[in-house]
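For the sequence shown, this note's numbering assigns the number 972 to the initial residue and increments by one for each residue that follows.
Even for Gly, the Cβ is constructed at its ideal location relative to N, Cα and C.
Note that the structure is a prediction, hence the values are computed from the model and not measured.
Quick notes on the structure that follows.
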Amino acid sequence: MPFKSSATPNPNAIKFTFTAPLFKKRIEVKKGDTPDSELLAQLIAVEGVDSLFGINDFITVNKVSSSQWDDLLPLIQKLLENDQR
């Protein structure tokens, strides 16, 4: 499903907005949680990802401050692109 990424006021967060709804309800996932969704489980398992927040057609990925977006974005984008919704 097509998406676009955008910066947020928080330098440790990037928002991904999709062309259709991803979630029927609000989601919040923190490192160590076991989400029901395979996509969310894969995203939170990425080394350097700290938490996820989403509702309707967007998801915000928060990273730990010591991680670099240049390292994380290719992994996150690949997971989002491969999601079969």
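Problem - VAL1035 burial status per 10 Å Cβ neighbour count (16 or more: buried) - result: Burial call: exposed.
Handout entry: GLY1025 burial status per 10 Å Cβ neighbour count (16 or more: buried)
Key = Looking at its Cβ environment, which holds 16 or more other Cβ atoms inside 10 Å, GLY1025 is buried.
Exercise for the section: Express the C-alpha separation of LEU1023 and LYS975 in angstroms, rounding to a whole number. Expected result: Those two C-alpha atoms are separated by around 16 Å.
Practice task
State the Cα-Cα distance for the pair GLU1009 and ILE1015, rounded to the nearest angstrom.
Solution key: Going by the C-alpha atoms only, they are around 10 Å apart.
Exercise for the section: Would you identify the three-state DSSP class for ASP1042, choosing helix, strand or coil? Expected result: Three-state DSSP puts ASP1042 in a helix.
Practice task
Using three-state DSSP, classify GLU1018 as helix, strand or coil.
Solution key: Coil.
Practice task
Could you tell me the boundaries of the beta strand (DSSP E) in which VAL1035 lies?
Solution key: Where VAL1035 is concerned, there is no enclosing beta strand (DSSP E), given that its DSSP letter is neither H nor E.
Practice task
Would you mind working out which of ASN1027, ASP1042 and LYS1049 sits nearest PHE989, comparing C-alpha positions?
Solution key: Nearest C-alpha to PHE989: ASN1027.
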